[in-house]
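See below for the structure under consideration.
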Ligand SMILES: [Zn+2]
């Protein structure tokens, strides 16, 4: 299945249930990477990168999105970045 051809409308009409959550039985054919792509299409976003460690943020699932602490991959990176800013 080519995820790139999928539109937001398709996701809305075919892959979500009435409450706006992903219908897991409809997306069982997609792997985690593809689910991440679907998430990005649906939310019109791009895979996130931590501004501190430059590692890509971990994708949790379609309903939860990316693991993020104030835009960083983790609490640790957020506080390290704050410390750096205070030192400069
Ligand atoms: Zn990080």
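Residue numbers (the working numbering): 1 to 88. Note that CB positions come from ideal geometry on N, CA and C, so glycine has one too.
The C-alpha of residue 86 lies about 30 Å from the C-alpha of residue 65. Between residue 36 and residue 59, the gap from beta carbon to beta carbon is short of 8 Å. By the neighbour-count criterion, in which 16 or more other beta carbons inside 10 Å mark a residue as buried, residue 38 falls on the buried side. For ligand 1, residues qualifying as neighbours are 50, 52, 53, 55, 72, 73, 74, 77, where qualification means a beta carbon closer than 7 Å to at least one of its heavy atoms (chain order).
Beta-bridge partners assigned by DSSP to residue 65: 61. Residue pairing by DSSP places residue 16 opposite 22 in a beta bridge.
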